[in-house]
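Here is the structure we will look at.
2 protein chains.
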Amino acid sequence: MDSPIATFVGGLNGRWRIDSISAPVGSTLREAPRLDIVAGQLAEPPVGSAWLLRGAASNLRYTSRSERAGLAAAQAPLGRAEATRAALIPIRKSGDWWALAQDERRAIFEEQSAHIAVGQRYLPAIARQLRHCRDLGEPFDFLTWFEYAPESEPAFEELLAALRGSAEWRFVDREVDIRLSLDAR
Amino acid sequence: MDSPIATFVGGLNGRWRIDSISAPVGSTLREAPRLDIVAGQLAEPPVGSAWLLRGAASNLRYTSRSERAGLAAAQAPLGRAEATRAALIPIRKSGDWWALAQDERRAIFEEQSAHIAVGQRYLPAIARQLRHCRDLGEPFDFLTWFEYAPESEPAFEELLAALRGSAEWRFVDREVDIRLSLDAR
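The listed protein sequences derive, respectively, from chains A and B.
Using the working numbering, you'd call the opening residue of the first sequence number 1 and step up by one each time.
Using the working numbering, you'd call the opening residue of the second sequence number 1 and step up by one each time.
As structure tokens, this is what we get:
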């Protein structure tokens with residue numbers, strides 16, 4: 001069985017150059033020059049790695065059938081040739097968030113914060129992949145990977161500002177913002 | 001940070017005696033005399049272990065605020081002196097289940113199958129703890145642990161029969177049923 005887990009390694013190797021690491025909320029991660037994305041888990045951290053973050057691709061947790069259809073009709077895949085910029089945004093939510101029941105979290109996530117609707121506005125320019133890591137005992141709960149062309153960077157900043165201003169984000173107690181780019185070919 | 005993961009070890013040691021292992025759906029697990037429940041993950045399988053199953057205690061995925069309040073008012077804790085019988089039921093659901101959106105899974109889980117309402121009928125006699133393992137890359141998706149007094153065994157069989165007859169269970173493609181008891185003190 002293939003593992004649903006991928007490991008993001010901040011270190012000396014990898015296709016993506018790390019341009020900046022900042023921490024909008026809580027403690028940051030150590031600086032590193034490159035990011036490598038490895039399928040599965042690693043028995044040992046690679047030589048020179050500053051941090052390893054693991055996350056699992058998983059089922060939808062809040063998205064309804066009709067919302068999913070809307071996203072599927074609009075979204076672009078990862079790996080487009082023009083998408084030479086990326087962001088990896090690890091976040092952790094507070095114990096108060098996780099203690100809420102499913103209907104309470106859904107109401108904050110979409111009816112109050114429009115998380116899905118906001119993301120939809122920036123499709124197909126901003127491609128996105130979510131991985132879950134709370135159940136893995138990781139320091140973060142989610143790792144979200146975004147990919148976009150350089151000219152979509154202002155749109156990406158708008159998307160982040162909308163999410164960070166939402167009711168949902170009041171439950172975020174750690175957020176790191178890692179910006180990346182591909183070397184010119 | 002404490003790991004949310006526990007490891008269930010079928011082998012030579014542990015407080016619980018394994019009385020039987022059967023497989024209502026799909027392939028079974030190897031026979032073993034004892035079950036040990038260990039906090040966290042193990043670097044190496046203990047000597048003589050037949051299988052290790054890992055699962056993470058996690059947030060609610062379907063239960064609403066009012067359903068949770070009903071459960072909380074009725075349920076008993078694990079570890080009651082009279083609860084000398086237990087069952088560990090690992091299940092896996094099909095790809096069709098996991099491809100459903102959240103509202104579709106919720107509708108099958110509760111509106112069609114009454115999973116929460118059925119469990120509630122057997123409280124406080126049958127205490128229960130769910131762990132999730134699909135995101136861990138495990139062979140099962142869930143490990144459910146049930147504890148009850150010997151006189152509640154018929155009630156426990158009723159509960160299982162109700163769940164196994166539900167619409168939700170049509171998506172279960174592997175289920176193992178491990179029955180356990182505590183040695184008399």
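Backbone N, C-alpha and C define an ideal beta-carbon position, used for all residues, glycine too.
Bear in mind that the values here come from a model prediction, so they are computed numbers and not experimental data.
Query	Result
CB contact flag (Val176 of chain B, Thr28 of chain B, <7 Å)	yes
7 Å Cβ cutoff met for Ala32 of chain A and Gly55 of chain A	no
Inter-residue spacing [alpha-carbon to alpha-carbon] between Leu163 of chain A and Glu82 of chain B	50 Å
Test: Leu169 of chain A CB closer than 7 Å to a CB of chain B	Note that residue 169 of chain A is Trp in the sequence shown, not Leu. Trp169 of chain A does not count as touching chain B.
Neighbouring residues, chain A, relative to Glu186 of chain B (Cβ below 9 Å)	Lying before the first or after the last residue shown, residue 186 of chain B is absent from chain B, which here runs from 1 to 185.
Listed by chain order, chain B residues near Trp98 of chain A by CB distance under 8 Å	Asn59
CA nearest to the CA of Ala184 of chain A, picked from A:Thr84, A:Arg128, A:Arg61 and A:Glu151	A:Thr84
In chain order, each alpha helix (DSSP H) run of at least 4 residues that lies wholly inside the region 11-75 of chain B	65-74
Host beta strand (DSSP E) of Glu175 of chain B (start-end)	Val172 to Leu182
Neighbour list for Pro4 of chain B in chain A, Cβ cutoff strictly below 9 Å	Arg134, Asp135, Leu136 and Gly137
Three-way DSSP call (helix, strand, coil) for Glu147 of chain B in this model	strand
Reduced DSSP category for Ile116 of chain B - H, G, I as helix; E, B as strand; rest coil	helix
Alpha-carbon to alpha-carbon, Gln41 of chain A and Ile108 of chain A	33 Å
Within-7 Å CB hit, Ala74 of chain A to chain B	no
Gly79 of chain A to Pro154 of chain B span [Cα, whole Å]	56 Å
Limits of the unbroken alpha helix (DSSP H) element including Leu163 of chain B	Glu153 to Arg164
7 Å Cβ cutoff met for Ala57 of chain B and Arg134 of chain B	no
C-alpha distance - Asp141 of chain A paired with Pro90 of chain A, whole-angstrom precision	7 Å
Under 7 Å by beta carbon: chain A residues contacting Arg68 of chain B	Ala101
Short Cβ contact (7 Å threshold) for Tyr122 of chain A with Gln102 of chain B	no
Beta-carbon separation (whole angstroms), Ala87 of chain B vs Leu12 of chain B, contact threshold 8 Å	Contact doesn't hold; Cβ gap of about 21 Å is too wide.
Contact set between the region 38-58 of chain B and chain A, restricted to residues whose Cβ is under 7 Å from the partner	Ala56 and Ser58
Sub-7 Å separation of Glu67 of chain A and Ile126 of chain A beta-carbons	no
From B:Gln120, B:Ser22 and B:Trp51, residue whose alpha carbon lies closest to that of Arg34 of chain B	B:Trp51
Sequence-distant residues of its chain with Cβ nearer than 7 Å to Val38 of chain A (five each side left out)	Ala6, Thr7 and Val9
Exposure of Pro4 of chain A, with buried meaning 16 or more beta-carbon neighbours within 10 Å	buried
Whole-angstrom C-beta distance between Ser64 of chain B and Phe171 of chain B, which should lie under 8 Å	With a Cβ gap of about 21 Å, Phe171 of chain B and Ser64 of chain B do not count as contacting.
Close beta carbons around Val118 of chain B, own chain, < 7 Å, minus the five adjacent residues each side	Leu159, Ala162 and Leu163
Residue(s) in a DSSP beta bridge with Arg134 of chain B	Arg134 of chain B is not bridged to any residue.
Distance, Asn59 of chain B Cα to Ser166 of chain B Cα	23 Å
Uninterrupted beta strand (DSSP E) stretches inside the region 81-130 of chain B (no shorter than 3 residues)	85-93
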